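What follows is a single structure, written as structure tokens, with notes after it.
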Amino acid sequence: MKKRIIYSLLILLVFTACDDKLDLVPYDGLTDEQLFSTDAGFSTAIRGVYSGFRADGMFGENSGLNISPEVLSDNLTYSPQGRGTNRLLFEWRNNPIDQSFGLYRTGYRIISRANRILDNINKIPQSTFRDNIQGEALAIRAMMHFDIARVYCKIPTQSSDANQSLGIHYSKEFAPDKMFRRQGTTVSQVYGFIIDDLLAAYPLINASNPVGRLNKAAVAGMLTRVYLYMGNYPKVLEYADLAVPASGGAVVAPRASFPNVWTDAYSSNVLFKIRITDKDNWRTGVPFSQTAATTGTRSEFVCSYQLFTLFQDTDIRKSASVVTSAFGGKFYNHVKKFMERPNTRATIVDGKYLRAEEVVLSKAEALYRTPGRENDALAALNQIRSNRYSPFVSPNETGAALLDAILIERRLELAFEGDRFFTLKRLAMGLTRTSHGEFSDGTGTAPVVLTYPANGNRWQQPIPKGAIDANPQLAEDQNPGY
18 MKKRIIYSLL ILLVFTACDD KLDLVPYDGL TDEQLFSTDA GFSTAIRGVY SGFRADGMFG
78 ENSGLNISPE VLSDNLTYSP QGRGTNRLLF EWRNNPIDQS FGLYRTGYRI ISRANRILDN
138 INKIPQSTFR DNIQGEALAI RAMMHFDIAR VYCKIPTQSS DANQSLGIHY SKEFAPDKMF
198 RRQGTTVSQV YGFIIDDLLA AYPLINASNP VGRLNKAAVA GMLTRVYLYM GNYPKVLEYA
258 DLAVPASGGA VVAPRASFPN VWTDAYSSNV LFKIRITDKD NWRTGVPFSQ TAATTGTRSE
318 FVCSYQLFTL FQDTDIRKSA SVVTSAFGGK FYNHVKKFME RPNTRATIVD GKYLRAEEVV
378 LSKAEALYRT PGRENDALAA LNQIRSNRYS PFVSPNETGA ALLDAILIER RLELAFEGDR
438 FFTLKRLAMG LTRTSHGEFS DGTGTAPVVL TYPANGNRWQ QPIPKGAIDA NPQLAEDQNP
498 GY
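In this text, residue positions in the sequence shown follow the numbering used here: the first is 18, and each later residue adds one.
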């Protein structure tokens with residue numbers, strides 16, 4: 018007997034291995050058969066998939082890819098003036114009970130929504146509409162597994178044993194009644210599944226889709242990101258040129274336009290962003306700071322003094338990424354990227370998941386790691402630098418100095434966007450913070466944890482207790498050290 022699910026009541030969005038709770042999502046009172054019998058029904062369903070990005074764990078008001086990787090890195094410093102959120106994460110002592118990353122449950126919820134679409138996609142006739150919906154669902158399924166894997170597993174380039182280390186369950190069907198284990202799946206297999214889904218999505222998805230939805234360039238950009246994590250540099254170059262072509266499509270934001278990216282007034286460089294409307298009232302900037310007209314900006318975390326001093330005065334990113342102002346009689350270097358969109362509530366701004374600049378910097382790194390391509394790597398790097406510094410004269414670095422320059426520009430360009438922790442992790446660089454405090458001149462309270470070794474177990478986050486409670490077998494698959 019065919020099971021009917023009333024979407025006005027609920028859709029079970031997380032299989033039992035991850036959570037035992039139900040996610041309530043309205044779908045206009047349609048049954049399963051009704052929803053997945055028309056183009057309009059699939060449009061409703063794909064909107065439900067994208068809505069999952071506005072949640073803690075992804076682009077959240079407490080935790081997620083907008084804040085948690087930065088807290089773990091050397092880009093931020095904890096401010097005792099804040100509310101104390103994510104302090105355990107900053108001190109590298111979070112545990113399975115603490116939900117300061119929050120991605121595991123949210124990521125699998127989004128995957129479940131995508132799988133529900135893919136399980137039913139053949140119920141409507143083949144068309145460009147169906148192809149596009151299928152491509153979006155495949156790409157999102159791949160992206161979420163990638164995000165979960167890079168947080169809770171080793172990254173392929175992290176160590177010599179990474180590819181054969183413990184992966185995650187790769188969910189390819191909506192199966193809420195099944196219990197799944199991590200055992201038996203390696204990191205290499207997970208990344209293979211991710212690539213398979215992205216390659217399947219690429220020819221299906223539209224070249225252009227509405228703002229806040231994936232398109233062909235975004236999928237190519239995701240392939241660039243995943244291949245970089247895999248150390249497959251020829252493929253990085255192939256898909257970087259498809260994501261950010263020499264003419265047409267996404268571009269590196271010009272120097273004058275870069276500040277407008279963070280007020281949502283410029284988006285030609287954004288390959289995929291989480292669209293947040295005033296009606297959504299979802300405040301992605303709250304985990305960084307809160308601003309009131311009477312008291313000013315109170316930060317949970319501020320730009321680390323170490324990072325702040327890397328920004329040159331001739332770099333437009335300094336004023337666009339950080340603002341120095343007083344709170345409680347002390348000056349702080351507040352994170353600016355999530356502060357505002359004009360004429361709306363403070364800290365409401367679209368989440369930038371993937372930008373053209375990341376693709377170009379990945380291309381520069383891949384070119385550097387390709388024999389005989391250093392000059393091309395320098396040219397790609399200068400594509401970024403010439404649009405950020407004024408005046409700009411290329412230092413014409415070579416050898417190790419060129420790689421250092423690429424990684425420095427990556428840190429400056431993608432600061433506070435969730436990249437730094439994963440760069441440290443995938444390159445096994447270890448964590449090194451300075452003893453500077455939270456105030457704008459570097460004084461204040463030094464971080465409790467200044468260093469963490471590249472081979473430490475805590476680069477892999479703990480599987481949450483909620484997931485283990487729902488599926489006790491996962492206790493045997495917990496990451497070492499937790």
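Cβ atoms here follow ideal geometry from the backbone N, Cα and C, with glycine treated the same way. Computed from a prediction, not measured in an experiment: that's the story for all the values here.
For residue i, which residues does DSSP report across the bridge?
i	result
residue 348	343
residue 181	Answer by DSSP bridge pairing: none, since residue 181 is not bridged.
residue 332	406
residue 449	468
residue 320	93
residue 456	349
residue 309	313
residue 55	DSSP, once it has assigned bridges, lists no residue as partnering residue 55.
residue 203	183
Tell me which residues share the same chain as residue i and place their Cβ nearer than 7 Å to its Cβ, disregarding the 5 neighbours each side in the sequence.
i	result
residue 100	317
residue 325	339, 350
residue 305	84, 316, 317, 318, 352, 355
residue 345	98
residue 443	172, 174, 175, 246
residue 4	Because the chain is modelled from 18 through 499, residue 4 falls outside the range shown and cannot be assessed.
residue 277	283
residue 180	173, 203, 204, 205
residue 140	53, 54
residue 88	103, 106, 107, 318
residue 76	70, 82, 83, 291, 301, 368
residue 396	none
Going by beta carbon distance, what residues of the same chain come within less than 6 Å of residue i, once the five residues before and after it are set aside?
i	result
residue 474	497, 498
residue 45	In this prediction, residue 45 has a pLDDT of 49, which is less than 50 and means its spatial position is unreliable; what the coordinates show is noted afterwards. Result list for residue 45: empty, nothing under 6 Å.
residue 189	none
residue 432	92, 338
residue 275	333, 337
residue 231	153, 156, 289
residue 285	268
residue 307	315
residue 214	155, 158, 159
residue 445	175, 471
residue 138	151
residue 335	328
residue 62	134
residue 238	260, 288, 371, 376
residue 256	237, 240, 241
Taking residue i and residue j to be in contact with their CB atoms under 8 Å, please state how far apart those CB atoms are, rounded to whole angstroms.
i	j	result
residue 154	residue 134	4 Å
residue 245	residue 253	5 Å
residue 323	residue 406	So it is not a contact: roughly 20 Å between Cβ atoms.
residue 383	residue 250	4 Å
residue 416	residue 86	In fact, because the Cβ distance is near 29 Å, the residues do not count as touching under 8 Å.
residue 460	residue 321	That belief does not hold up - the Cβ atoms of residue 460 and residue 321 are roughly 13 Å apart, past 8 Å.
residue 301	residue 359	Not really, about 16 Å apart at Cβ, beyond 8 Å.
residue 163	residue 211	5 Å
residue 224	residue 260	Not quite, the Cβ-Cβ distance comes to about 12 Å (not below 8 Å), so this is no contact.
residue 113	residue 479	4 Å
In chain order, what residues of the same chain lie with their CB nearer than 8 Å to the CB of residue i, ignoring the 5 residues before and after it?
i	result
residue 348	341, 342, 456, 457, 458
Taking Cβ positions only, does residue i come closer than 9 Å to chain D?
i	result
residue 332	The question asks about chain D, but that chain is absent: this structure has only one protein chain.
Residue ranges of each alpha helix (DSSP H) run of no fewer than 4 residues wholly in the segment 226-294, ordered along the chain? 233-247, 250-260, 275-278
Evaluate contact between the segment 65-81 and the segment 420-433, counting only Cβ atoms and requiring at least three cross-stretch pairs below 8 Å. no
The segment 386-396 / the segment 358-366 touching (three or more Cβ pairs under 8 Å): no
As an exercise, report each continuous alpha helix (DSSP H) stretch of at least 4 residues that is fully enclosed by the segment 69-156, in chain order. 85-89, 104-107, 120-137
Touch check for the segment 270-290 and the segment 366-380: three-plus C-beta pairs under 8 Å? yes
Using a Cβ distance threshold of 8 Å, determine whether the segment 409-424 contacts the segment 295-309, with at least three qualifying pairs required. no
Does the segment 465-484 come close enough to the segment 116-133 to have 3 or more Cβ pairs within less than 8 Å? yes
Would you say the segment 197-209 touches the segment 171-189, given that touching needs at least three Cβ pairs under 8 Å? yes
I'd like to know if the segment 397-417 and the segment 263-282 are in contact, where contact means that at least 3 CB-CB pairs between them fall below 8 Å. yes
Would you call the segment 142-152 and the segment 218-225 in contact, with 3 or more CB pairs under 8 Å? yes
Which full runs of the beta strand (DSSP E) of 3+ residues lie inside the segment 362-439, going along the chain? 368-372
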